Structure formats: C-alpha cells, structure tokens
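Everything on this sheet refers to the single structure shown next.
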Amino acid sequence: MASVRVASTPRFLDRSTGEWKDAETLYITCNIWGRQGENVAESLQRGHKVIVRGRLKQRSYETPEGERRTVVELDAEDIGPCLANATAKVTKAQRVIVPDSPAGLPQPSPGPWDAQAAAPADPWTGAPVPAGVGPNSATPPF
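Note that my numbering has the sequence shown beginning at 17, numbered continuously upward.
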C-alpha cells in the first residue's frame, strides 16, 4: 500500500477586486493498494500534480488522550500525473511467473535497481556504474 497526501486549493475570482484568490487548502490522504501502490511509489514524487479517482471513506478513532477523532480518506481506484502542464511516458509494468512462488502467483519483474546489481555496467554506454549507486543506495542511477 502507498499512502499519499493530496492538496487541493480552489481558486476563485474576487469580483470586487477583479483578482484571483486562493480558497482554503484541503488535504486528504489517499490510499493506493497493491501493485498500483508500488507503481505510484516508483513513478510520482512530492510536488507532482496528480489526478485521483476513488471512494471516500470516513473512519473514527480515539487518541491516546481519549479524544474521539474522525478522518476522511480516499481509497484510490486510479491515480496518475496531471498532464495539463507536463508530459509522461507510460510503460507497462511487467509481471513474471516464478515457479517456486506460492501457487505460481505472478511476481514483480526485476526493477532498475535489481538490473544494476546483476550487471554493474551501464547498458547504454558500456561505462561502469559509479560507486555508491545500486540497489542499497539512496542515490538515483541518473
């Protein structure tokens, strides 16, 4: 599961001044389940404009101090980048069947970090991968 906070700030035209103004920002937690959650974690970054479609749900809980709280969250059915001011290249996520997996369930195909760990050379230039880049590094491979 991936959980992201989405901010929505409506704009409106103040007819008395003729200026555009921002209304109060609404923050909502979006929960994305399964492989789609993994794809969101790999594809989207903080600050990206997104479009989300899903089901609103309300849940209540009690704080350690005994206060009763209620939150509204969105279980996302679909989420993706907003293309109003950006472009995106879509690639289909691959699945492979691993014979040793329970009931032959599909397993995610190796990601870019796995490929670098298996082949320490850059396939486009033939140059070796710089030190500190790889599956256990926080440094991106680009």
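For every residue, glycine included, the Cβ atom is placed at its ideal position computed from N, Cα and C.
Model, not experiment: these values are computed from the prediction.
Member of the options whose CA lies at the smallest distance from the CA of residue i
{"i": "Gln110", "options": "Arg84, Glu54, Cys98", "result": "Glu54"}
{"i": "Met17", "options": "Lys105, Ser76, Thr45", "result": "Thr45"}
{"i": "Glu40", "options": "Phe28, Ile48, Gly82", "result": "Phe28"}
{"i": "Gly63", "options": "Arg84, Ala102, Val87, Thr79", "result": "Ala102"}
{"i": "Val22", "options": "Gln61, Gly82, Ser32, Asp38", "result": "Gln61"}
{"i": "Leu90", "options": "Trp49, Trp36, Thr33, Pro80", "result": "Trp49"}
{"i": "Tyr43", "options": "Pro26, Glu58, Thr79, Thr107", "result": "Pro26"}
{"i": "Lys105", "options": "Asp30, Asp38, Ser59, Ser32", "result": "Ser59"}
{"i": "Asn47", "options": "Cys98, Glu81, Val88, Asp30", "result": "Val88"}
{"i": "Cys98", "options": "Lys65, Glu81, Arg75", "result": "Lys65"}
{"i": "Thr107", "options": "Pro80, Gly34, Val56", "result": "Val56"}
{"i": "Val20", "options": "Ser32, Ser76, Gln52, Lys37", "result": "Gln52"}
{"i": "Lys73", "options": "Pro80, Trp36, Gly82, Thr86", "result": "Thr86"}
Endpoints, the beta strand (DSSP E) within which residue i is located
{"i": "Ala18", "result": "18–24"}
Residues sharing a beta bridge with residue i, DSSP
{"i": "Arg27", "result": "Asp38"}
{"i": "Thr45", "result": "Arg21, Glu89"}
Fully enclosed by the region 49–110, which alpha helix (DSSP H) runs are 4 residues long or longer?
Taking only runs of at least 4 residues, the alpha helix (DSSP H) segments lying wholly in the region 49–110 are 50–59.
Three or more beta-carbon pairs under 8 Å between the region 57–76 and the region 91–104, yes or no?
A contact exists between the region 57–76 and the region 91–104.
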